[in-house]
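Enquirer: Start counting the sequence shown at 382; every next residue gets the next number (UniProt numbering). Where is the CB? At the ideal position from N, CA and C, for every residue including glycine. None of the values given here were measured: they were computed from a predicted structure. Can you keep this structure in mind? I'll have questions shortly.
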Amino acid sequence: YAKSRGRSFYPRYHQAMNERRRDLVRLQSDLYRALECEQFSVVYQPKVCLQSGNIVGAEALLRWQHEEHGAVSPAEFIPLAESSGLIESIGEWVLASASSQSRAWHEEGLPPFLVSVNLSGRQLQMGSLVERVRFVLDNTGLDPEQLELEVTETFLMQDISQSLILLEEIKALGVRLAIDDFGTGYSSLNYLHRLPIDTLKIDRSFIVDLERSSETYDLVRNVIHMSHDLGLRVVAEGVETQVQLDMLRELACDEIQGYYFSPPVSPEAFRRLLAQQRVFDICTGRKESPVA
Ligand code: C2E
Ligand code: MG
Ligand code: MG
Ligand code: MG
Numbered sequence: 382y383a384k385s386r387g388r389s390f391y392p393r394y395h396q397a398m399n400e401r402r403r404d405l406v407r408l409q410s411d412l413y414r415a416l417e418c419e420q421f422s423v424v425y426q427p428k429v430c431l432q433s434g435n436i437v438g439a440e441a442l443l444r445w446q447h448e449e450h451g452a453v454s455p456a457e458f459i460p461l462a463e464s465s466g467l468i469e470s471i472g473e474w475v476l477a478s479a480s481s482q483s484r485a486w487h488e489e490g491l492p493p494f495l496v497s498v499n500l501s502g503r504q505l506q507m508g509s510l511v512e513r514v515r516f517v518l519d520n521t522g523l524d525p526e527q528l529e530l531e532v533t534e535t536f537l538m539q540d541i542s543q544s545l546i547l548l549e550e551i552k553a554l555g556v557r558l559a560i561d562d563f564g565t566g567y568s569s570l571n572y573l574h575r576l577p578i579d580t581l582k583i584d585r586s587f588i589v590d591l592e593r594s595s596e597t598y599d600l601v602r603n604v605i606h607m608s609h610d611l612g613l614r615v616v617a618e619g620v621e622t623q624v625q626l627d628m629l630r631e632l633a634c635d636e637i638q639g640y641y642f643s644p645p646v647s648p649e650a651f652r653r654l655l656a657q658q659r660v661f662d663i664c665t666g667r668k669e670s671p672v673a
């Protein structure tokens with residue numbers, strides 16, 4: 382330690398910075414091995430139709446079980462996977478895993494539902510994306526209409542005309558497209574009508590504010606109305622309370638996804654939820670049976 386208190390701050394600060402950087406480098410190299418070591422898994426979060434109370438979809442979300450650190454958050458490792466280029470193979474693994482799992486559930490005769498998979502901006506930038514999605518569909522036998530791809534608005538806004546070409550190509554495969562985290566980027570409703578999208582997902586940050594801000598309430602109402610005018614389905618992300626649910630029903634939101642109904646769960650647990658179908662009493666919002 383430096384003798385004076387004033388000077389000691391800097392070495393400690395640098396030490397913390399260096400440790401953080403070292404941790405990230407280490408995590409990144411662990412990420413390389415994670416695929417072959419089978420440390421990844423996919424969990425599923427139900428999307429519930431506000432009219433019927435049925436589960437009509439599921440978002441597939443990636444999980445990483447690190448050998449020492451345990452569960453690492455996607456918010457932490459997805460950016461690392463993107464900067465290292467690993468997201469291309471990891472993303473394809475998620476797509477294949479969710480597609481073959483869904484296909485198996487459809488084959489079993491479980492109620493029909495749409496599975497949604499997230500695509501990172503980096504995946505959208507690789508020239509072979511369309512080929513890869515087609516490859517996965519052919520291989521798993523999943524009906525393209527049962528697959529939805531979620532892309533973030535931030536990516537789309539970077540180069541709208543380029544995005545438009547790519548999205549048209551993806552749509553031509555017969556899959557559905559959703560805009561994820563809507564409202565967090567340079568959100569503009571003006572360009573939406575130009576994009577071949579089916580679904581708009583309102584970001585959780587707006588849902589959180591719904592109860593306490595009338596501006597947010599009005600904004601969400603406008604987004605829903607405009608989306609409906611454009612023929613889009615609207616999904617609210619991160620619904621946690623009965624009050625939020627009631628407000629969203631009032632606003633004619635189509636579907637909700639959030640801890641209120643269920644967190645993301647293991648494939649087995651999701652299968653059980655799907656098999657029970659209509660587990661939610663949509664008028665009271667009460668769960669008719671306990672969620673795993
Ligand atoms: P996202 O695509 O917006 O996914 C929704 C996130 O919100 C998930 O976090 C989900 O667990 C969380 N969530 C859902 N309902 C609630 C709620 O009621 N309250 C709160 N507080 N959170 C809720 P998760 O699984 O940690 O994923 C975070 C982000 O990581 C995702 O955001 C997505 O951007 C990215 N991600 C996850 N899996 C993948 C993947 O397979 N590929 C790519 N490219 N990105 C992924
Ligand atoms: Mg998503
Ligand atoms: Mg989202
Ligand atoms: Mg989000």
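(1) Can you determine whether any heavy atom of ligand 2 sits closer than 8 Å to the C-beta of Glu-463, and answer yes or no?
(2) Given a cut-off of 9 Å, decide if Leu-518 and Leu-655 are closer than it, judged by their beta-carbon atoms.
(3) Just to check my reading of the structure: Glu-531 and Lys-582 have Cβ atoms closer than 8 Å, yes? What is that Cβ distance to the nearest angstrom?
(4) Looking only at its own chain, which residues have a Cβ that is under 8 Å from the Cβ of Ala-397, when we skip the five neighbours before and after it?
(5) Secondary structure at Phe-516, three-state DSSP: helix, strand or coil?
(6) Ligand 2 heavy atoms versus the CB of Lys-582: any closer than 8 Å?
(7) Indicate whether Thr-521 and Arg-484 have their beta-carbon atoms separated by less than 9 Å.
(8) Shorter than 8 Å, the distance from the beta carbon of Arg-585 to the closest heavy atom of ligand 3, or not?
(9) Give the single residue among Ile-468, Asp-579, Asp-524 and Gly-612 whose Cα lies nearest to the Cα of Arg-503.
(10) Rounded to the nearest angstrom, what separates Cys-430 and Val-437 at their Cα positions?
(11) Could you pull out every residue in the same chain whose Cβ sits closer than 7 Å to the Cβ of Leu-545, ignoring the five residues on either side in sequence?
(12) Here's a check: name, in chain order, each residue in its chain whose Cβ is nearer than 7 Å to the Cβ of Leu-505, leaving out the five neighbours to either side.
(13) Leaving out the 5 sequence neighbours to the left and right, which residues in its chain are closer than 7 Å to His-450 when beta-carbon positions are compared?
(14) Reducing DSSP to helix, strand and coil, say where Gln-506 ends up.
(15) My assumption, with CB atoms under 8 Å, is that Leu-591 sits in contact with Gln-625. Please give the rounded CB distance.
(16) Does ligand 2 have even one heavy atom less than 8 Å from the beta-carbon of Ser-497?
(17) Does any CB atom of chain D fall closer than 9 Å to the CB of Phe-421?
(18) Determine, using beta-carbon pairs with one atom in the stretch 591-602 and one in the stretch 410-429, whether at least three such pairs fall under 8 Å.
(19) Which ranges would you report for the alpha helix (DSSP H) in the stretch 577-645 if only whole runs of at least 4 residues count?
(20) Based on the DSSP secondary-structure assignment, which residues constitute the bridge partners of Lys-428?
(21) Is the distance from the Cβ of Met-538 to the Cβ of Gly-566 below 9 Å?
(22) Buried or exposed: Ile-541, going by 16 or more other Cβ atoms within 10 Å of its Cβ?
(23) Could you check if Asp-561 belongs to the surroundings of ligand 3, using beta carbon to heavy atom distance under 8 Å?
(24) Where do the N-terminal and C-terminal ends of the alpha helix (DSSP H) with Leu-558 fall, by residue?
(25) Use the C-beta contact count for Leu-611: other C-beta atoms within 10 angstroms, 16 or more gives buried, fewer gives exposed.
(26) Among the candidates Glu-400, Arg-653 and Met-507, whose CA atom is the shortest distance from the CA of Ser-643?
Expert: Reading from the atomic positions:
(1) no
(2) no
(3) 7 Å
(4) none
(5) helix
(6) yes
(7) yes
(8) yes
(9) Ile-468
(10) 6 Å
(11) Arg-575 and Leu-576
(12) Val-532, Phe-536 and Leu-547
(13) none
(14) helix
(15) 6 Å
(16) yes
(17) The structure shown contains no chain D; it is built from a single protein chain.
(18) no
(19) 585-590, 595-610 and 623-631
(20) Gly-438
(21) yes
(22) exposed
(23) yes
(24) Segment 557-563 is the beta strand (DSSP E) holding Leu-558; no alpha helix (DSSP H) there.
(25) exposed
(26) Arg-653
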